[in-house]
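Numbering (this note's numbering), first residue to last: 33 to 249. Using N, Cα and C, we set each Cβ at its ideal position, and we do this for glycine too. These numbers were taken from a predicted model, which means no experiment stands behind them. For reference, the structure discussed in these notes is given below.
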């Protein structure tokens, strides 16, 4: 029997390059509040925790009282523009096709608020690749809590050690290890190799084509 039969993917920075659209949603909010904006590249180090924390980290330290004002503004802008520039990374579609050809169960687990995780995934990839897509809800806690990963395992009727967990951040690697899954770090995302290795990554890959050979049938 094959060792691995399912893969859980992080979304932002792993499957889809969402950096510009996320950064723009916050910068436009900051402009409306007459606050300084940030370079798009600087958001690489903010994305991944939670949307609320992302907005809080982008506000000046002396403007944290504006968080509850800024958050709905940012969400409204992102809702209207979440796919203006967001696209799959090169090679992602071919990798997904290969895994589906081999009958892997595929899921997405994101700390992105629940309405956006499935909407973005379905907009970019359609309805045929992923068997389950989860974002942040009260029922599905944020990574690195393993509860949502283990929920996916139960939904797929597979043991956690049958899963590879693929992501681009410390949080993803911690989630994988907390859930007892194979932690695969990707180097094309928002964080660097050292962060992944220091947080439990078991193997690094430099291109999506490198994933299927790690999961032999």
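Classification of residue i by the beta-carbon crowding that lies within 10 angstroms, buried from 16 upward
i	result
residue 33	Interpretation of residue 33 is limited by its pLDDT of 49, a score under 50 that renders its predicted location unreliable; no figure is taken from the coordinates.
residue 97	exposed
residue 240	buried
residue 106	buried
residue 63	exposed
residue 100	exposed
residue 200	buried
residue 61	buried
residue 46	buried
residue 73	exposed
Sequence-distant residues of the same chain with beta carbon closer than 8 Å to residue i, five excluded per side
i	result
residue 230	202
Range covered by the alpha helix (DSSP H) that runs through residue i
i	result
residue 181	179 to 188
residue 64	51 to 64
residue 90	83 to 90
Own chain partners of residue i with C-beta closer than 6 Å, once the 5 adjacent residues on each side are dropped
i	result
residue 76	222
residue 44	50, 79
CB contact below 9 Å: residue i versus chain B
i	result
residue 172	Protein chain content of the structure displayed is limited to a single chain, and chain B is not contained in it.
Assumed close pair residue i, residue j - CB separation to whole angstroms, cut-off 8 Å
i	j	result
residue 198	residue 41	5 Å
Chain-order list of residues whose beta-carbon lies under 7 Å from that of residue i (same chain, five-residue window excluded)
i	result
residue 215	197, 205, 208, 209, 232, 233, 234
Residue range of the beta strand (DSSP E) that includes residue i
i	result
residue 139	137 to 145
residue 236	235 to 237
residue 40	38 to 41
Open item on the list: For a minimum of 4 consecutive residues, which ranges assigned as the alpha helix (DSSP H) are wholly contained in the region 152 to 226?
Closed with: The qualifying runs are 179 to 188, 202 to 211.
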